[in-house]
Each structure stands twice: as C-alpha cells, then as structure tokens.
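K.L.:
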Amino acid sequence: MCKLSNEILFEIFDYLTFPDKQVCIRVCKKWRHLMLGYNYYEKLDIKYLDFLNKYFQKNESRRNQVQCLRVWFHRTSVSYNFNGADGVLALPEQFPHLREFVLDHASEDTNDSDFDELVIDKRVAEHWQKVTKFYNYFEKYCLSSKLLEHDGFLNLVDLKVKFWEGEFARRSESKCVALIKQISKAPKLEILKLSHGKMSQGHLDHLNRNAKKLQVLWLVDMDLASTNVNRASQTNSSSDILTELRLFNCTKEFNESMLKIMEYPNLKMLKVYSTKLQEKYGEGELIKFVSCCQYLKNYNVNIHPITPAIMKAMDTRGIKLEELAIMSLPDADHPDQIKSLLASEQKDSVLKLELSYSDDCEKKEIKVGKTIDSLKDFPKLEQLKMIGNKTCSIDSLPRFPVDEFLKTCENLKTLELQYWKTKIGSKLVKPMSFLRSEKKFTAKLKSLVLVGVEYCDKSMGFISETCPELSKLTITITSQHRARYCCDIDFPNHSFTSITVNNLRSCYYQVTKEKETKWYKFAYQTIEEVAEDKLSELEREDTKLHFLKYKSCAVLKLEGTRDIWV
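Residue numbering for the sequence shown follows this note's numbering, beginning at -9 and increasing consecutively.
1. According to DSSP, is Lys508 helix, strand or coil?
2. I believe Thr464 touches Val501 by the beta-carbon criterion, under 8 angstroms. Please report the beta-carbon distance rounded to the nearest angstrom.
3. How many Å lie between Arg113 and Ala80 at the Cα?
4. Met376: buried (16+ other C-beta within 10 angstroms of its C-beta) or exposed?
5. Roughly how many whole angstroms lie between the Cα atoms of Lys242 and Val13?
6. Would you mind sorting Asn54 into buried or exposed? The rule is 16 or more other CB atoms within 10 Å of its CB.
7. Hey, how far is the Cα of Thr487 from the Cα of Lys380?
8. Quick check on the burial criterion: 16 or more other C-beta atoms within 10 angstroms. Buried or exposed for Leu59?
9. By Cβ distance, which residues of its chain are closer than 6 angstroms to Arg307, with the 5 residues on each side in sequence left out?
10. What separation, rounded to the nearest whole angstrom, lies between the Cα atoms of Lys250 and Ile453?
11. Within 10 angstroms of its Cβ, does Lys(-7) collect 16 or more other Cβ (buried), or is it exposed?
12. Can you give the beta carbon distance from Cys399 to Leu365, rounded, assuming they're within the 8 angstroms contact cut?
13. Counting only runs of 3+ residues fully inside the stretch 300 to 386, write out the beta strand (DSSP E) ranges in chain order.
14. Provide the residue span of the alpha helix (DSSP H) that contains Trp208, from first to last.
15. What residue range does the alpha helix (DSSP H) around Pro177 cover?
16. For the candidate residues Asp211, Val358, Pro295, Glu522, whose alpha-carbon lies nearest to that of Leu314?
17. What would DSSP say about Pro391, mapped onto helix, strand or coil?
18. Suppose you measure from the CA of Glu50 to the CA of Gln84; what does that come to, to the nearest Å?
19. Can you give the Cα-Cα distance for Ile467 and Leu88, rounded to whole angstroms?
20. Helix, strand or coil for Pro9, going by three-state DSSP, please let me know.
21. Closest by CA to Ser229, which one among Pro255, Glu116, Val262?
22. With a 10 Å radius around its C-beta and 16 neighbouring C-beta atoms as the bar for buried, classify Asn(-4) as buried or exposed.
23. Apart from the five residues just before and just after Lys270, which ones in its own chain have a Cβ nearer than 8 angstroms to its Cβ?
24. Measure the alpha-carbon distance for Ile479 versus Phe537 and round it to whole angstroms.
25. According to DSSP, which residues form a beta bridge with Gly187?
26. Taking the alpha-carbon positions, what's the Asp195 to Ser227 distance?
27. How many angstroms separate the CA atom of Lys524 from the CA atom of Tyr498?
28. DSSP state of Tyr285, grouped into three classes?
29. Between Tyr127 and the rest of its own chain, which residues show a CB-CB distance below 6 angstroms, the 5 nearest in sequence each way excluded?
30. Would you report the Cα separation of Glu312 and Leu341, rounded to the nearest angstrom?
31. When you compare only the Cα positions, how much space is there between Thr361 and Lys547?
32. Can you check which of these residues, Lys175, Ile170, Cys166, is closest to Trp118 by C-alpha distance?
33. Glu444 to His324, Cα distance in whole Å?
34. Helix, strand or coil for Ala115, going by three-state DSSP, please let me know.
35. Can you give me the Cβ contacts of Ala168 inside the same chain, cut-off strictly under 8 angstroms, excluding the 5 residues immediately before and after it?
Shown next as structure tokens:
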C-alpha cells in the first residue's frame, strides 16, 4: 500500500473507521502525515476555532464525517473573546453528524462578565438537540446552563461541567446552581459529572427530583454552599434510578452533609475518595448510607476504613459486595480492615479486591505477607489489584513475593500489580537450582497486568512455569523505570490472546514467535518493522531493546498499536 498514490490512499482511508485510522497512523509515517493533514475527521481535536476551517478548505462535504469534536481555547487565541462563544454555538450547524462535543479553556481564562448577552435562538437550539454528549471543562459564559434553558439539550445523555471561576480558580456556587435549576430541560440525561462547584442539600434534592433518568452522578472537588441555602430539615433525598455515585476530592463538610441525606435504593457502585485526607471521618454517615442500598456491588471508600459496624450494616441490609477496595488510612492498616471483612458475610461474595498501599509513603517497608495469607479465605476471589507506592524511586519500591502469592492464591484468574519490585523467596533473585528443588504447583492465573513494576530476573520464568493458562499480558513501563530499563518477556510455550507493552520512551522490540524473529522500532508515536540488515543502531550503547518471546499471540500491541503481527 505504501507504493500507492496519495489520491488512491485518500479514497481507501475514507472507508476506514476512526479506530482503524488510529492503527494506520502508528504503523506508517507516510500514512500518519497524510491522515493528520487531510483525512482524519471522524474525531477532531482542534486547538483553536481559528484553525478549524483548515481541515475543510478543499472539500466542505467532509464535515459530514465529524462525529466527535474537541475545541481548546486560550487567551492568546484570536477567538478568545466573546465572539468565540458565538462560534461555538454555531458548530453543530456546521457539522451535521456531530454527536459528541468537548469544550476546553485555559485555566487562566476567567473573564466571562458578559455571559448575559449570550443569545441562543430556536434555530441554534435545534441544531444542538442532536448532541448526546457535551463536556465543558470551563463553564465560561454559563454556556451549559444557557443551552439547557433554551432546550438545546433535549437529547443529551452525558453532561460534564467544570464550574471554577476567578483568578484563583475558586469553586463557583452561582454557576453550579444555575445549571442544577435547569436540569429538567435535559429529559434524557443519564450521566452527570459536576466539578469545582458549590451546592447545598436542597440543590441535591432538586437534582434527584428533576433528573428523572439519571443513572450516574459524579461530584468532583465540590464544597457545601452557604448554610442559609441548605435545607433546615434533613429529610432524605432519594432516586430509584441512580446506580453509580462518585464523590472525589470533595470537602469533608460536603461529603458528610450529602451522605447524610442521600438515599439510592438501587445503587450498585459507591466511590468516595480524597487525595487530601488528613483524618478519617464519616463512619456514621456511611453506615446510614449503605443501610439503604440493598443492591450495592462495588464499595470503594477511603474517607473511613472498613469497620465491623459498616460490615454489619451491609449484612443486615442483605448486601452482597462483588468489588471492594481497601486503602491505607491513618490508624487502620490492611490486616485490621481485612479482619473486619472476613468476619462478615461479604467475604463470601467478593470477586474483585483492590489493596492500595499508595499512602504508606512514610513507611520504610511495606509487609504484605500477612495480607497475602488472608486472601485464601475469600472463596470466590478471582481478580486482585495491588497498588504499591507510586512516589517511590525504582530502587525504593516495596517488594512483592511472587512465589508466595501464587502458592496462596492458586485459583486467582487476574492479577494487577502497580509499583512493586518482585522477589522470589527471601532474596530478589533465587538460584534456579532452588526453584527446581521446590515442590511444583500450578496456578490458574489467566491475565497479568504490570504497571511500573521492576521484576527480578527469575520472576517471569517462575510465572511462565507455574501459570500455563496465562493468555493475556500487559506491561506498562513508567517514568520510575531507569532510562536503560529493558523488559524480558519469555513465555516460549504460551499461546496468548493478547500482549500489550506500553512504553513512553523510544526503543526497539525483538519479537520471537517460535523460531521466527522480527524487530520493531518505536519512535515519535509510530511503530515500524526494521529489516534485519538495518539493525546497526541496536549496537549503540544507549539503545533500549525489549525482548518478547512466545509460542503464538493473536493480538500484539506495542505502545498502543493493534494487530501488528498475528
């Protein structure tokens, strides 16, 4: 195909889906330049409105291809001023098949004093009614609220709005409240994500009563509105439709106030997480909350540790958790929380468990032996995610005993490790003679994910020998790894459904499939096969070479590419 003329290639590219185009731009530099400059239209990411027309100067009809559009503003843009808002309002008319729209602004873009002058007539609103997803990362001119008010979002399903305002990006109460008051004008809304605003219990109740199809609610970096607008009585505010609730980095006052009145009987997922947690709080509010959630399946909370009282409330309500996260919290280590969990009925239903040690940065050593030993008491556990310490240097990563873990959790099907250093036995590297002398066992592991993991020389060999059913492998090389770090994936007897290696740095890959070896070069977001007679660069000392060896692989992804070699 590389020998075909550009005209013929353009005709071929027109028939490709957007994911297929993504593959093409990563496997050939020529295709990359052609597509990004002319033919990459289904999903557009434009820095300024000023540049938008450059994509369509030659063929206006190509606007019909655009389904997803992202436009980014900056105060230096020609379209930074108020006229830019009118330009944004006109976009759905210019792109007849536009369904998803993302509007982003620079954080220092704080001037929106003229938003009352924004005019949305019936014609503009009708063009916006075809949009089903709208993300506004800076609620300039109260654009989202205005579109709601004038019936522009009658078919909107997914809405995300960030409300910050002023020079110091303060949380905005006025913009948040303005949107909530108009929420009934989006009758098909199923997903709502609000960020950096202020709201009261009364506003939450208005939201619950008027967003009649809302299934997913995210409240991010929110604070409680002025006390004089909060409801005098603490009557519960409920929704029978909501199935997912996330409160992320909200203030303590906001979380306690909202959890106290929220009542979602059909909720399946609860996530309350704070990266700024200084002390645990909210046990009483959490007990009251879960007591109303009979169908809760996923519990991920770090504002308060798991306690016997919280587990008892779940048991009493008949909850059967399937996914659970246990975090490092002040005065509550993992063994104590697991002990509370094992003493409850929830241990019999948990399928997926996440154990995070990411807040243990002050501890010199993270000991996981006792925790690993307790995992055998979860009869249905199939998936485990263990997060070490992301803030550590590669030399200070906590150690994870691969052999001890696989022996204890022989029935586990999926394991994800993040930011660990693997070890076998009491040393990082154990002689192969010792491994051969140990009693052999077989684990049922089918999927392994390693993110920022420094694994010892023998750990991959140990996994290869003890996990014959392993068919899916994902490795992500992070900035914590040394610049010269190279991964060695040696599974000569395994038939994989997929292998993925994510690496931000330029590098080479040597891929051996049975007796056939090929080389690939990754640089500048493009992966290319390298002929054997052109491997002179591999002899350079600073060249990073990653080794992959396996029997077969249906899908190989190197740096996010797809279907390179089957």
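The beta carbon of each residue, even a glycine, is placed where N, CA and C say it ideally should be.
P.N.:
On the basis of the data shown:
1. strand
2. That belief does not hold up - the Cβ atoms of Thr464 and Val501 are roughly 16 angstroms apart, past 8 angstroms.
3. 10 angstroms
4. buried
5. 45 angstroms
6. exposed
7. 29 angstroms
8. Counting every other CB atom within 10 Å of its CB across the protein chains shown gives Leu59 a total of 16 or more, marking it as buried.
9. Ser281, Gln284
10. 47 angstroms
11. Exposed is the call here.
12. 5 angstroms
13. 313 to 316, 342 to 346, 373 to 377
14. Note, Trp208: premise wrong, no alpha helix (DSSP H); beta strand (DSSP E) at 206 to 210.
15. Note, Pro177: premise wrong, no alpha helix (DSSP H); not H, not E.
16. Pro295
17. strand
18. 10 angstroms
19. 36 angstroms
20. helix
21. Distances from the alpha-carbon of Ser229 to those of Pro255, Glu116, Val262 put Pro255 closest.
22. exposed
23. Ile293, His294, Pro295, Leu319, Pro320, Asp321, Ala322
24. 6 angstroms
25. Ser162
26. 5 angstroms
27. The straight-line gap from Cα to Cα measures roughly 12 angstroms.
28. coil
29. Asp94, Lys152
30. 5 angstroms
31. 34 angstroms
32. The option with the nearest alpha carbon to Trp118 is Lys175.
33. 23 angstroms
34. helix
35. Cys132, Ser135
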